[in-house]
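To start, the structure itself, in structure tokens.
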Amino acid sequence: MIGLWSIPLLFALPLALGILTLLVAPAWRVRLSLLGLIPLIVASVAVAAGLVLDGPQVYALGDWDAPLGINLMVDGLAVGMILLTTLVASLCALYAAVYLRDLPASSSFFWPLLWFLWAGMNGIWLAEDIFNLYVGLEVMGLAAVGMVALRATPPALAAAMRYLLAALLGSLAYLLGVALLYANYGTLSMAGLHEVATPQVTTHVALALVILGLLLKTALFPLHAWLPPAHGGALTPVSALLSALVIKASFYILLRFWITLGPEVTPLFTAQLLGALGAGAVFYGGWMAWRQEHLKQLVAYSTVAQIGYLFLFFPLVTGTSPEAARLAWDGTLMMLIAHALAKAALFLSAGNLILAIGSPQISHMVGVSRFRPLSLFSFGLAGVSLMGLPPSGGFTAKWLLLHSAILSGQWWWLVVLLIGGLLSAAYIFKVFRVSFREGPQTDYLATPPRVLDVTAMVLALGAILIGLTAYQPLHWLRLGSPFGAG
Amino acid sequence: MSGALVFAASGVVLFGLGLFGFIVHRHLLRRLLAFNIMGSGSFLVLVGLAQDGRGVDPVPHAMVITGIVVAVASTALALVVFRRWYRASGRTDLPEDT
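Protein sequences appear in the order of chains F and C. Under this note's numbering, the letters of the first sequence match residues 561 to 1046, in that order. Under this note's numbering, the letters of the second sequence match residues 371 to 468, in that order.
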């Protein structure tokens, strides 16, 4: 019962905090926000406990029935995303509370935007109908654009503008797809669409529009051009939030569409095409990451590459055996979680290294291993998960995807996994090669506050630990999905 | 062709026109206007197509009202970012380097 009551709190709380933090004086915004984390964490845990005890359920907001009211779906996938969001965003908030201390102008607007972003994301994870997914996407997207612009320098403003244009184009394409689906089937609910959707021209045109819009928002190669300046140029806690969580939201919607419409409706050709684009992202992103000179740009291009792995889901799940499809589902979600934790850790520790050496250039990191071993260690641990070395979440994810590819007889995706791992190793070791070199000592090496190192370390440890304890979380993530809870 | 289909077809034409403008123009204000035309197009499709043969349906109206609110908010945000960008750089378009 506690779990049921906590469901609406998951976005009522962030929305209320977003408005409250705007109303109070800037000096109080940090304190109010840190205080607000506590009830939100409690509510997330309560919803998760409710899922484990009572199983998946649909919650009618305010007891109004759809289509007039809003239905919220609480299944394994939604709860998994909620817990992931709570963990990553809370740690980023702690980091930001310290990191933004010297940037009062950015700090005063960071907090309201963080809460609106959080409300949008929780709205997406819980939405049961395709229109509320659109609303959630917009709330989250507009807050994210505001966060990119926080730095208020010309490059940051240009990046925010580019991001906004891409996001707007993406959501309109999505909305047009929703309009076609509603006109054809007269329902917006996922469960309803699952019942009535058939493979016909309207469905395919609508699906194409939805996919195109979401690909633009997820920044899948070749629609990724807006991502590196936006993620690499933002303030460090913002970069971490955007790369770890925000781009996952549009992928999550695509995933929901795919499993809602089911294998009879989703075309095999599109699935293979999405996989091929994913492969392109892995190669191009990895190559570009290796070529970057700025530390955070390297991490941003690494995101472009890692998004590619998520899209291997579509060819591995469409028209394959149930066993292969289940492995693909497990592997993709493990990849998503591991990447969220590892990428947040990577951005935060990169921010710490930049604070320490006072320069974003990788070549200026000579000798940093001796002075900032902890920051570099978090960077390395997160790197282990990105490369897919055991024992880490990244390794478990790739292992599951590899099994799925072999079972479904699509050996060519193995090449993507292999070369992608090598490319990630190349760009992670590029940073290490410089940092372990002994060179002319810089006379200024700042010591960032302890909190910054600890939050990055916790996230990096999380990316490793999730690989060691994958079995039970994966079991819970399958609750309420078409892949069975076995 | 029924009245509802006429609305929907005009919506698609508007969406296409807007998309064209969005792609060919470089001036950010023009691109923003093009985005608003695309938005109006998709609202027309939403209201028009759903009326076809099923009588009056309130759900698309509710959706379009929400959509208009979202479009107004996005336009406002875009204008603020554009103004800051113009003041900081003196340019009305985005640098095409990346």
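Glycine is no exception: its CB is placed at the ideal position from the N, C-alpha and C atoms. Quick caveat, the model's predicted, so the values are computed rather than measured.
Could you check whether the Cβ of residue i sits closer than 8 Å to any Cβ belonging to chain F?
i	result
residue 396 (chain C)	no
residue 452 (chain C)	yes
residue 387 (chain C)	no
residue 401 (chain C)	yes
residue 391 (chain C)	no
residue 415 (chain C)	yes
residue 383 (chain C)	no
residue 436 (chain C)	yes
residue 412 (chain C)	yes
residue 375 (chain C)	no
residue 448 (chain C)	yes
residue 440 (chain C)	yes
residue 444 (chain C)	yes
residue 420 (chain C)	yes
residue 468 (chain C)	Caution is warranted here: a pLDDT of 44 is assigned to residue 468 (chain C), below 50, making its placement in the model unreliable, and the coordinate value is therefore given only provisionally. Yes, residue 468 (chain C) counts as interfacial toward chain F.
residue 334 (chain C)	Look at the range of chain C in this structure, 371 to 468, and you will see that residue 334 (chain C) is not part of it.
Using CA atoms only, rank isn't needed, just tell me which of the options is closest to residue i.
i	options	result
residue 445 (chain C)	C:390, C:400, C:379	C:400
residue 388 (chain C)	F:791, F:733, F:714	F:733
residue 962 (chain F)	F:891, F:694, F:831	F:891
residue 412 (chain C)	C:398, C:427, C:426, C:436	C:436
residue 1011 (chain F)	F:653, F:581, F:579, F:640	F:653
residue 675 (chain F)	F:575, F:766, F:796	F:575
residue 718 (chain F)	F:661, F:791, F:860, F:1006	F:791
residue 825 (chain F)	F:764, F:834, F:639	F:764
residue 807 (chain F)	F:828, F:795, F:823, F:783	F:783
residue 636 (chain F)	F:1042, F:1044, F:1038	F:1038
residue 785 (chain F)	F:845, F:894, F:829	F:845
residue 526 (chain C)	C:403, C:409, C:391, C:420	Limits of chain C in this structure are 371 at one end and 468 at the other, which puts residue 526 (chain C) out of reach.
residue 1040 (chain F)	F:617, F:582, F:895	F:617
Check whether the Cβ atoms of residue i and residue j sit closer than 8 Å, and answer yes or no.
i	j	result
residue 865 (chain F)	residue 648 (chain F)	no
residue 943 (chain F)	residue 1027 (chain F)	no
residue 867 (chain F)	residue 884 (chain F)	no
residue 683 (chain F)	residue 703 (chain F)	no
residue 946 (chain F)	residue 988 (chain F)	yes
residue 573 (chain F)	residue 603 (chain F)	yes
residue 646 (chain F)	residue 600 (chain F)	yes
residue 415 (chain C)	residue 736 (chain F)	yes
residue 757 (chain F)	residue 801 (chain F)	no
residue 897 (chain F)	residue 855 (chain F)	no
residue 711 (chain F)	residue 668 (chain F)	no
residue 789 (chain F)	residue 851 (chain F)	no
residue 694 (chain F)	residue 430 (chain C)	no
residue 633 (chain F)	residue 688 (chain F)	yes
residue 570 (chain F)	residue 673 (chain F)	no
residue 813 (chain F)	residue 941 (chain F)	no
Are the C-beta of residue i and some C-beta of chain C separated by less than 8 Å?
i	result
residue 851 (chain F)	no
residue 994 (chain F)	no
residue 691 (chain F)	yes
residue 768 (chain F)	no
residue 679 (chain F)	no
residue 739 (chain F)	yes
residue 720 (chain F)	yes
residue 728 (chain F)	yes
residue 686 (chain F)	no
residue 665 (chain F)	no
residue 659 (chain F)	no
residue 527 (chain F)	Any question about residue 527 (chain F) goes unanswered here, given that chain F covers just 561 to 1046.
residue 742 (chain F)	yes
residue 735 (chain F)	yes
residue 732 (chain F)	yes
residue 584 (chain F)	no
residue 756 (chain F)	no
residue 695 (chain F)	yes
What I want to know is whether the C-beta of residue i ends up closer than 7 Å to one or more non-hydrogen atoms of the ligand ADP.
i	result
residue 843 (chain F)	Looking for the ligand ADP in the displayed structure turns up nothing, as the structure carries no ligands at all.
* Please name the residues in the region 698-717 of chain F whose beta-carbon is closer than 8 Å to at least one beta-carbon of chain C, in chain order. => 698, 702, 705, 706, 709, 712, 713, 714, 717
* Contact between the region 656-675 of chain F and the region 377-391 of chain C (3+ Cβ pairs under 8 Å) -> no
* At a cut of 8 Å, does the region 870-882 of chain F reach the region 904-920 of chain F through at least three beta carbon pairs? -> no
* **At least 3 beta-carbon pairs within less than 8 Å: the region 813-822 of chain F vs the region 759-776 of chain F** => yes
* Asked: With contact counted as at least three CB pairs below 8 Å, one residue from each stretch, are the region 591-598 of chain F and the region 688-706 of chain F in contact?
  -> no
* Could you run through the region 973-987 of chain F and flag, in chain order, every residue whose CB is less than 9 Å away from some CB of chain C? => none
* To do: Count the CB pairs spanning the region 916-936 of chain F and the region 1026-1043 of chain F that are closer than 8 Å, and state whether there are at least three.
  => Touching, no, given that fewer than three Cβ pairs across the two stretches are closer than 8 Å.
* With 8 Å as the limit, tell me which residues of the region 854-871 of chain F have their beta carbon closer than that to any beta carbon of chain C; keep them in chain order. => none
* Asked: Got a sec: which bits of the region 777-808 of chain F sit with their beta carbon under 8 Å from any beta carbon on chain C, in order along the chain?
  -> 785, 788, 789
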